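First the structure, in the form of structure tokens, and then the observations on it.
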Amino acid sequence: LGVADRAHFFNARADVLPVYDALDAFVMTSDSETIGTVTLEALAREVPVIGTDAGGTPELLDAGGGQLVPPRNAEALAEAVIVLMQEAPEALAVRKRKGRDYAAKCRPSQLIPAWEELLASLVESGRKA
């Protein structure tokens, strides 16, 4: 690929937080990711995300913590990386904060009570889920 001096490719590892903290950007190129846990992890660690406009990635990045590119479009992906790396520090700080704030809403401690409330209201109303 010709990027060995500028990119790191990892096998599975348990200590992912130091890796996220060292990133300038995270790129999710999946074209079928339903909900990308790694994308949420990157957002939670304030890593700007570039993801493909496919699967659940658009919903994750809609809050402003990342940028979408068309699936399987290397030119658009490269351009998005260049734009991100040239982004003004103030804009980058806003992007990081928005991503972190969105990821915080996806924590189980936030989601479980909302699901419990929804299910309880369905039971009370007699509606089927």
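Following the working numbering from start to finish, the sequence shown increments by one per residue and tops out at 144.
A virtual CB, placed ideally from N, CA and C, is assigned to each residue, including glycine.
Because the structure is a prediction, the values reported are computed rather than measured.
Sequence-distant residues of the same chain with beta carbon closer than 7 Å to residue i, five excluded per side
i	result
Val84	Ile65, Thr67, Asp68, Ala91, Leu92, Ala95
Pro86	Asp46, Thr67, Asp68, Ala69
Proximal residues to residue i (C-beta, below 6 Å), its chain only, five neighbours per side dropped
i	result
Gly114	Leu58, Gly80
Residue span of the alpha helix (DSSP H) that contains residue i, given as start and end
i	result
Thr44	Thr44 -> no alpha helix (DSSP H), and no H or E assigned at all.
Gly114	104 to 120
Distance CB(residue i)-CB(residue j) smaller than 8 Å
i	j	result
Pro63	Arg110	yes
Tyr117	Ala78	yes
Leu99	Ala19	no
Glu48	Gly71	yes
Leu32	Gly51	no
Leu38	Cys121	no
For residue j and residue i, the rounded distance between their alpha carbons
i	j	result
Ala89	Thr44	10 Å
Glu131	Ser140	14 Å
Same chain, Cβ closer than 8 Å to residue i, five either side skipped, listed in chain order
i	result
Arg28	Val34
According to DSSP, residues forming a beta bridge with residue i
i	result
Trp64	In the sequence as presented, Trp is not what sits at residue 64; that position holds Val. BP columns for Val64 point to Phe41, Gly81.
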